[in-house]
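Since the structure comes first, as structure tokens, the remarks are kept for the end.
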Amino acid sequence: VKNPGVYQLKSTDRIVDAVKIAGGASEEANLDLINLAALLKDGQKIIVPSKIYNENGEEINKNIDNNVEVIYSSYSGSMSGKININTANATMLQTLSGIGPVLSERIIEYRNKNGFFGVIDDIKDVSGIGEKKFEGIKDLICVQ
Numbered sequence: 001v002k003n004p005g006v007y008q009l010k011s012t013d014r015i016v017d018a019v020k021i022a023g024g025a026s027e028e029a030n031l032d033l034i035n036l037a038a039l040l041k042d043g044q045k046i047i048v049p050s051k052i053y054n055e056n057g058e059e060i061n062k063n064i065d066n067n068v069e070v071i072y073s074s075y076s077g078s079m080s081g082k083i084n085i086n087t088a089n090a091t092m093l094q095t096l097s098g099i100g101p102v103l104s105e106r107i108i109e110y111r112n113k114n115g116f117f118g119v120i121d122d123i124k125d126v127s128g129i130g131e132k133k134f135e136g137i138k139d140l141i142c143v144q
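Each residue of the sequence shown is one higher than the one before, starting from 1 at the first, in UniProt numbering.
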């Protein structure tokens with residue numbers, strides 16, 4: 001991209017929006033190799049592949065960090081005021097009733113190991129969060 005850096009975008013923005021806000025694609029960028037329609041996730045780092053040519057003038061594709069990154073940064077809440085369990089840090093998670101330091105770390109570890117939660121009910125797969133605890137937080141959380 002022309003102006004790599006950290007940019008704050010909305011939770012509904014897509015990779016194409018991040019590229020635009022970063023000044024658009026540079027001449028070297030190969031946008032055909034990334035999904036421009038993909039939704040952004042909090043803290044996501046986007047590497048735009050560069051067009052690289054060998055000594056015969058043939059294009060070869062290679063990911064490089066040189067002047068082609070865009071980082072999406074936002075808050076871990078949502079427009080509804082609920083806590084997004086896919087992006088919330090330990091401090092945010094601990095604002096939920098019954099979620100202390102141990103459970104907040106388990107949620108983050110589970111998310112890091114298994115990927116984002118698809119629906120809020122998936123949080124019950126985290127050790128220590130049963131039906132009763134889920135009932136107490138379900139109206140305060142969301143997934144985006």
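Beta carbons are placed, not taken as given, at the ideal position from N, Cα and C, and that holds for glycine.
Counting along the chain, isoleucine 46 sits inside the beta strand (DSSP E) bounded by residues 45-47. For asparagine 89, the number of other beta carbons within 10 angstroms of its own is below 16, and it is reported as exposed. Here glycine 128 carries a coil assignment [DSSP, helix/strand/coil]. Closest in C-alpha terms to tyrosine 7, from the list Ala38, Arg106 and Ile46, comes Ile46.
For valine 143, no alpha helix (DSSP H) segment is defined, and its DSSP state is neither H nor E. Counting the other Cβ atoms within 10 Å of the Cβ of threonine 87 gives 16 or more, which makes it buried. For valine 6, the enclosing beta strand (DSSP E) starts and ends at 5-8. Judged by beta-carbon spacing, isoleucine 85 lies beyond the 7 Å limit of methionine 92, meaning their Cβ atoms are not closer than that value. Beta-bridge annotation (DSSP): isoleucine 15 is not paired with any residue. Counting along the chain, alanine 90 sits inside the alpha helix (DSSP H) bounded by residues 90-93.
Boundaries of the alpha helix (DSSP H) around asparagine 114: 101-114. Of Asn3, Ala38, Gly24 and Leu31, the smallest CA-CA separation from aspartate 13 is found for Ala38. The beta carbon of leucine 140 lies closer than 7 Å to those of Lys82, Ile83 and Leu96 in the same chain, with the five residues before and after it left out.
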